[in-house]
Amino acid sequence: MVKLRLKRCGRKQRAIYRIVAIDVRSRREGRDLRKVGFYDPIKNQTYSNVPAILDFLEKGAQPTGTVYDILSKAEFFKEFRVSFDKKESKNKNRE
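See the structure below:
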């Protein structure tokens, strides 16, 4: 299964995160399938490659909770009308 999750980069005390599509079994700094954006929590900046994210979501990739929150703050789901519910993904994992 593929997930959209954060990958830590940057120096000590100056973390920057890349939003990547990565296999679930890979570790945080493991090999990613594709870089689809970045998030800088210090400057509160976000960049996302919208066509790549939409492509992965259509293929069944699931964003983690943090990535979902970052994309919703950027109004990604409202703007592109992606029908994805954060609560449904948690319930599917429990079954």
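Residue numbering for the sequence shown is 29 to 123, as defined by the working numbering. Using N, Cα and C, we set each Cβ at its ideal position, and we do this for glycine too.
Figure out for me which residue from the options has the closest Cα to the Cα of residue i.
| i | options | result |
| --- | --- | --- |
| S100 | Y75, G88 and E86 | Y75 |
| G38 | D51, F66, P91 and M29 | F66 |
Would you list the one or two residues that DSSP bridges to residue i?
| i | result |
| --- | --- |
| A49 | L32 and R62 |
Given a threshold of 16 other Cβ atoms within 10 Å of its Cβ, counted over all protein chains shown, does residue i qualify as buried or as exposed?
| i | result |
| --- | --- |
| V48 | buried |
| E103 | exposed |
| I70 | exposed |
| L61 | exposed |
Is it the case that the Cβ atoms of residue i and residue j are separated by a distance below 8 Å?
| i | j | result |
| --- | --- | --- |
| R36 | R56 | yes |
| K31 | T92 | yes |
Out of curiosity, what's the CA-to-CA distance linking residue i and residue j?
| i | j | result |
| --- | --- | --- |
| R59 | Q73 | 24 Å |
| G88 | L82 | 10 Å |
| V42 | F105 | Sequence inspection shows Arg at residue 42; the Val mentioned does not correspond to that position. So the two alpha carbons sit approximately 28 Å from each other. |
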